[in-house]
Amino acid sequence: MKKVIDCFSFYNELDLLIYRLNILNDIVDYFIIVESTHTYSGKEKPMFFIENIKLFERFEDKIIHIVVDNFPHKYPNINYELNQQWVNEVYQRECISIGVDRLQLDDDDILLITDLDEIPDPETIYNIKNNKIPSGIYSIKMDLYYYNLNTRCTNKWNDGKLITYKKYKELSISCDKIRHYTDCCFFIEKGGWHLSYFGNESFIKNKIEKAAHQEFNKNEFTDIKIIEKRIKNFEDLYGRNGCEFQKIKITENQYLPPEYDKYLSKFIVLE
Numbered sequence: 011m012k013k014v015i016d017c018f019s020f021y022n023e024l025d026l027l028i029y030r031l032n033i034l035n036d037i038v039d040y041f042i043i044v045e046s047t048h049t050y051s052g053k054e055k056p057m058f059f060i061e062n063i064k065l066f067e068r069f070e071d072k073i074i075h076i077v078v079d080n081f082p083h084k085y086p087n088i089n090y091e092l093n094q095q096w097v098n099e100v101y102q103r104e105c106i107s108i109g110v111d112r113l114q115l116d117d118d119d120i121l122l123i124t125d126l127d128e129i130p131d132p133e134t135i136y137n138i139k140n141n142k143i144p145s146g147i148y149s150i151k152m153d154l155y156y157y158n159l160n161t162r163c164t165n166k167w168n169d170g171k172l173i174t175y176k177k178y179k180e181l182s183i184s185c186d187k188i189r190h191y192t193d194c195c196f197f198i199e200k201g202g203w204h205l206s207y208f209g210n211e212s213f214i215k216n217k218i219e220k221a222a223h224q225e226f227n228k229n230e231f232t233d234i235k236i237i238e239k240r241i242k243n244f245e246d247l248y249g250r251n252g253c254e255f256q257k258i259k260i261t262e263n264q265y266l267p268p269e270y271d272k273y274l275s276k277f278i279v280l281e
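The sequence shown begins at 11 in the numbering used here and counts up one residue at a time.
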């Protein structure tokens with residue numbers, strides 16, 4: 011049977027990491043978790059995975075933890091106007107290949123290349139694992155949520171990729187380029203859920219301040235009261251045109267993450 015390797019960057023999203031490992035554990039053969047000593051904005055950060063390693067002991071035989079301590083640009087020697095924070099993000103994602111190279115993989119094995127908060131649907135991945143598929147890159151179509159399971163975007167999210175190891179070798183490009191590969195021949199419907207900004211107001215403020223999107227690191231987006239208002243009103247965090255969200259009741263949602271009531275109950279708006 012083909013192997014599934016789940017590869018993603020990790021910052022501090024412990025709730026989602028616990029969730030992801032638990033719901034995918036029966037399907038995934040290895041988890042490649044890439045964590046940096048610095049944020050994309052170049053500032054030193056705690057090593058959240060290492061500091062909370064006891065939470066993940068039951069998965070230790072499957073986890074390949076890659077530590078990135080050599081970002082190209084670190085504070086204060088980083089220029090946001092030149093978008094050097096994006097160089098850091100790209101570099102961290104490229105380090106996924108360090109973990110891949112440690113494994114002995116076959117051509118039909120599968121790599122999932124996503125960010126941590128892009129949660130693949132375990133049922134869909136199970137079906138792919140247990141059936142023959144053409145070699146190639148697959149764009150994973152996901153439902154996009156902000157803040158909680160009641161705030162869903164009207165558009166789909168498809169940045170996450172699935173790639174066969176044969177295609178991975180043939181292309182010989184970085185994992186970041188695979189993520190942004192646009193010539194996908196295949197699309198995976200019901201691919202999962204992008205659970206973006208799943209945290210309280212302080213968590214969201216921190217993410218904005220430390221992320222590669224430094225153009226949003228302004229008081230009009232990081233002010234706690236403004237964040238509270240947008241969460242309450244089921245609005246886009248940045249007030250963008252063409253990025254519409256709608257309130258959806260849990261009882262009316264036909265496609266929810268598995269075991270959400272066990273692991274994600276704090277991210278449900280009570281009616």
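Note that CB positions come from ideal geometry on N, CA and C, so glycine has one too.
- I15 is not a Cβ neighbour of D36, given a cutoff of 8 Å.
- With contacts defined as CB atoms closer than 8 Å, I129 and L205 qualify as a contacting pair.
- With respect to the C-alpha of F20, the residue from L31, S46, I120 having the closest C-alpha is S46.
- For I120, the closest of L274, Y136, N22, R162 by C-alpha to C-alpha distance is Y136.
- In terms of Cβ geometry, N87 and F277 do not form a close pair [threshold 8 Å].
- In this structure, the straight-line span from the alpha carbon of I147 to that of C163 is close to 25 Å.
- According to the DSSP secondary-structure assignment, T124 is paired through a beta bridge with F18.
- As the crow flies, the alpha-carbon of E91 is around 17 Å from that of T49.
- Segment contact: the region 102 to 114 against the region 67 to 83, three or more CB-CB distances shorter than 8 Å; contact assigned.
- Nearest in C-alpha terms to S51, of all of G252, E70, E99, F59, is E99.
- Ranked by Cα distance from H190, the options D169, F196, L181, Y207 are led by D169.
- In the structure shown, the three-state DSSP call for D153 is strand.
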